[in-house]
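Remarks on the structure that follows.
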Amino acid sequence: MSRHSHVSPALVVRTLAAWAVTLLLFFPLGWLFLTAFKTELQAISVPPLFLFEPTLANFHEVQERSDYLLYAKNSVVTSVLSTLLGLAIAAPAAYSMAFFKSKHTKDILMWMLSTKMMPAVGALVPIYVLAQTSGLLDTQLALIIVFTLSNLPIMVWMLYSHFKDIPHEILEAARMDGATLWQELRLVLLPLGMGGLASTGLLCLVLSWNEAFWSLNLTAANGGTLATLIASYSSPEGLFWAKLSAASLMAIAPIVVFGWFSQKQLVQGLTFGAVK
Amino acid sequence: MSFLQLQGIEKYFGEHRAIKGIDLQIEKGEFVVFVGPSGCGKSTLLRLIAGLEAIDGGKLSLEGRDITQLPSSKRDLAMVFQSYALYPHMSVFENMSFALKLAKAPLAVIKEKVERAAQILNLTPYLQRTPKELSGGQRQRVAIGRAIVRAPKVFLFDEPLSNLDAALRGQTRVEIAKLHRELGATTIYVTHDQVEAMTLADRVVVLRDGQIEQVGSPLELYDRPANQFVAQFIGTPQMNVSTLAQMPVTVRQQAPAGAVGGSIGLRPESVTLQPAGQGLVDGSVELVEALGAETLIYVSTPGGAQLVARQNTRSPLHAGDRVGVSIALEQAHWFDPQGRVVNARD
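Residue numbers (our numbering), protein chains in the order written: chain A, -3 to 272; chain B, 338 to 683.
Below is the structure:
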């Protein structure tokens, strides 16, 4: 049998379509990557340049002009702490809803999700005023609190659907074996729910890292995250595409690398419970 | 005072009264089986005893101590779940030793007890495996092992055999009976399978709709059911129950006074078949089930009664044949119109 007999026209069309969609999704990132290594003149040349001599000057300049490490540190601190805090609140909530279901559990879950449907800008003024009066403007703490709160509904939902798939009887068996609540959680639920906790944590880490709206509105030079850093290259002195790209690349690089290594957990976490 | 005592135990699920005031005494070393149709409350009652559901009324005491409000972990009972509920992230050894580890038993003691239980249950070669590497029957044995390692005051079994195939179910049933004889442990066993109930139990508790219908030894229930429900629930094939109106006059005349307007119950072995014209009444054969060791013959009479006859010999009969039906009236059970038994022998 020749190899050609396997290639149906439908397969060719599907492969082309898949490549087209992939390129479409990847193009902005790829272009960002290329532009970051161009000079400002090369960056705006028409027709666009694909072949050029790469330069690291933009990265130098970004680090010179603004303290990249400060913003990076803020990003790490706010996303990691908000994720840990979120897990600490969401896990017990998900546990009680998954294992001690009441008549209104579904309603509570829906209500939590519904809070995500309100545009964030709707809560901007009150939250800004709260941050201002409590002296939290431009601090990491402000972002940690806001990130935690805005991620909580998703965290509870994800953990709930993970916990729901753990057979009830296993926890009951632990209780019959003499386990206290704490032992039941630590020795049985934690190891069984590890996958769910990990993927929920990873997703929230990524969401917090990429968050821009609240970072831009609540923080500036001290508490700002990498999102604020990127934004600072966009308007004040006109558009400097190459430097903007370099700053963006530096901002997204850590989370892209991180996401690359944890993609298996992430995908599993997002589809868990959906197909079963 | 008995070992485990249930006094007026009640359970509500919302407005629904699921368990309606159960009184029951269980003696030390006894094997008690809760049996009944789906939804009768037998598993709920077991979970109330286990402490996995809160008791809404009444009192539960173990060795004279009130444990009604005590959490499961403090009751010193062990439970074998229908789904086995093994800890998937632990080896067989860890599964079986979990309770002892929680109780902070010395490692040497844990090792000795687990190894002894593993030996009894033929699990020694599998101690280092995880549950997913075991067959259904082996998982079931690990679940039982996890319970016996602890030497609890009472063993609770919640339909432990229903996930096994028929052959393994019979075999495991025999093993459980043997295990109970060896350990002499007080056991409460829930099943919907009346054969399991009959073969395992010292005493059977028949439940319906959250209430006890009858408590007794397997043969007591078979020979002297308290009502039509128990009579028809215990025994395969079911007891034949026909209204007196469907029966010939000779039968009706024999009925005790209380059974007027009620019905008659006949075990399949109390119905025998003769050549047509020689029995109490003639009937026609509807179906013959030849099971090898026994033959079940379904007969309908002109009065409208449907009867099953059981015989230990092969039968030449076929569907449509005319036969004479004889009834051992001295073995008949009489029921009043409400289904309560009316004693003819008194």
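The beta carbon of each residue, even a glycine, is placed where N, CA and C say it ideally should be.
Could you have a look at M584 (chain B) and say whether DSSP puts it in helix, strand or coil? Here M584 (chain B) sits in coil by DSSP.
Determine contact between the region 172 to 183 of chain A and the region 109 to 129 of chain A, defined as no fewer than three beta-carbon pairs at a distance below 8 angstroms. As far as the Cβ criterion goes, the region 172 to 183 of chain A does not touch the region 109 to 129 of chain A, which means the pair count is below three.
Hey, is D173 (chain A)'s beta-carbon within less than 8 angstroms of any beta-carbon in chain B? By this cut-off, D173 (chain A) is an interface position.
Quick test of your reading: S204 (chain A) and T74 (chain A), contact by CB under 8 angstroms. State the CB separation rounded to the nearest angstrom. Contact flag correct, Cβ pair sits at about 6 angstroms.
Residues in its own chain within less than 7 angstroms of G482 (chain B) by CB, not counting five upstream and five downstream? Answer for G482 (chain B): M433, A454, A455, L458 and L460, listed in chain order.
Output the distance between the C-alpha atoms of T524 (chain B) and R510 (chain B), rounded to the nearest integer angstrom. Cα atoms of T524 (chain B) and R510 (chain B): separation of roughly 14 angstroms, rounded to the nearest angstrom.
Closest Cα partner of L120 (chain A) within the set A:L212, A:I40 and A:G189: Measuring from the Cα of L120 (chain A), the nearest candidate turns out to be A:L212.
Interface residues of chain B facing P163 (chain A) [CB-CB closer than 8 angstroms]: What P163 (chain A) touches in chain B: S420 and A422.
When you compare each of B:G373, B:R384, B:R354 and B:E400 to E364 (chain B) by their alpha carbons, which one comes out closest? Taking E364 (chain B) as reference, the option from B:G373, B:R384, B:R354 and B:E400 with the minimal CA-CA separation is B:E400.
Let me confirm a value: N649 (chain B) is counted as buried when at least 16 other C-beta atoms fall within 10 Å, else exposed. Which label applies? Exposed, since its Cβ has fewer than 16 Cβ neighbours within 10 Å.
Please identify the residue among A:D161, A:A216 and A:L105 whose C-alpha is closest to the C-alpha of T135 (chain A). Ranking the options by Cα distance to T135 (chain A), first place goes to A:A216.
Proximity of G602 (chain B) and M584 (chain B) at Cβ, strictly below 8 angstroms: Taking 8 angstroms as the Cβ cut-off, G602 (chain B) and M584 (chain B) do not qualify as a contacting pair.
Taking only runs of the alpha helix (DSSP H) that begin and end inside the region 537 to 588 of chain B, which ones reach a length of at least 4 residues, in chain order? The region 537 to 588 of chain B contains these whole alpha helix (DSSP H) runs: 555 to 560 and 565 to 570.
Please check if any C-beta of chain B sits within less than 8 angstroms of the C-beta of K272 (chain A). Residue placement at K272 (chain A) is flagged as unreliable, the pLDDT there being 32, under the threshold of 50; the coordinate-derived value follows with that caveat. No, no contact with chain B.
Between Y229 (chain A) and L240 (chain A), which are expected to be in contact by the criterion C-beta below 8 angstroms, what is the C-beta distance as a whole number of angstroms? That pair is a contact at about 4 angstroms.
Where M106 (chain A) falls, given that 16 or more other Cβ within 10 Å makes a residue buried: It is exposed - the Cβ of M106 (chain A) has fewer than 16 other Cβ atoms within 10 Å.
In chain order, which continuous runs of the alpha helix (DSSP H) of length 4 or greater are located wholly inside the region 462 to 490 of chain B? Taking 4 residues as the minimum length, the alpha helix (DSSP H) runs contained wholly in the region 462 to 490 of chain B are 473 to 486, in order along the chain.
With 8 angstroms set as the bound, which would you pick, yes or no: does the beta-carbon of L193 (chain A) sit closer than that to a beta-carbon of chain B? It does not: the Cβ of L193 (chain A) has no partner Cβ on chain B nearer than 8 angstroms.
Contact the region 250 to 261 of chain A vs the region 341 to 354 of chain B: 3+ CB pairs below 8 angstroms: Result no; under three Cβ-Cβ pairs closer than 8 angstroms.
Mapping DSSP to helix, strand and coil, what is I359 (chain B)? Note: I359 (chain B) maps to strand in three-state DSSP.
Give the interface partners of A488 (chain B) over in chain A, defined as CB-CB distance under 9 angstroms, in chain order. Near A488 (chain B) there are no residues of chain A at all, since even the closest Cβ is about 13 angstroms away, more than 9 angstroms.
Counting pairs of Cβ atoms below 8 angstroms between the region 544 to 561 of chain B and the region 392 to 406 of chain B, do you hit three or more? No contact exists between the region 544 to 561 of chain B and the region 392 to 406 of chain B.
Could you list which residues in chain A have their beta carbon closer than 8 angstroms to that of M416 (chain B), in chain order? The contacting residues are E168, A169 and M172.
F368 (chain B) - containing beta strand (DSSP E), residue span: Counting along the chain, the beta strand (DSSP E) containing F368 (chain B) begins and ends at F368 to V372.
Within the continuous beta strand (DSSP E) that includes S621 (chain B), where are the two ends? For S621 (chain B), the enclosing beta strand (DSSP E) covers residues V618 to A627.
Spatial neighbours of L109 (chain A) in its chain, beta-carbon cut-off 6 angstroms, leaving aside the 5 residues before and after: Once the five neighbours on either side are set aside, the close Cβ partners of L109 (chain A) are P149.
Let's see if you can read the secondary structure: which residues bound the alpha helix (DSSP H) around G378 (chain B)? Looking at the DSSP string, G378 (chain B) is not in any alpha helix (DSSP H), and its letter there is neither H nor E.
Every unbroken beta strand (DSSP E) inside the region 634 to 663 of chain B [3 residues or more]: Segments of the beta strand (DSSP E) lying fully in the region 634 to 663 of chain B: 643 to 648.
Chain B contact for G269 (chain A) (CB, 8 angstroms cutoff): Low per-residue confidence applies at G269 (chain A): pLDDT is 43, beneath 50, and the placement is therefore not dependable, though the value from the model is reported in the following sentence. By this cut-off, G269 (chain A) is not an interface position.
In three-state terms, what does DSSP make of F350 (chain B)? If DSSP states are grouped into helix, strand and coil, F350 (chain B) belongs with the strands.
At 4 residues or longer, and completely inside the region 19 to 96 of chain A: list those alpha helix (DSSP H) runs for me, N to C. 36 to 39, 53 to 61 and 64 to 95, all fully within the region 19 to 96 of chain A.
Pick out whichever of A:L21, A:A242 and A:A68 has its Cα sitting closest to the Cα of I251 (chain A). The option with the nearest alpha carbon to I251 (chain A) is A:A68.
Assigned secondary structure, P5 (chain A) (DSSP; H/G/I helix, E/B strand, else coil): Correct three-state label for P5 (chain A): helix.
Quick one: which chain A residues come within Cβ less than 8 angstroms of S409 (chain B)? E168, R171 and M172, listed in chain order.
Could you tell me which of B:S499, B:Y421 and B:L516 sits nearest to L471 (chain B), measuring between CA atoms? Nearest option by C-alpha distance: B:Y421.
Which whole-angstrom value is the C-beta distance of T587 (chain B) and S663 (chain B), which I expect to be below 8 angstroms? The Cβ separation is near 11 angstroms, so there is no contact.
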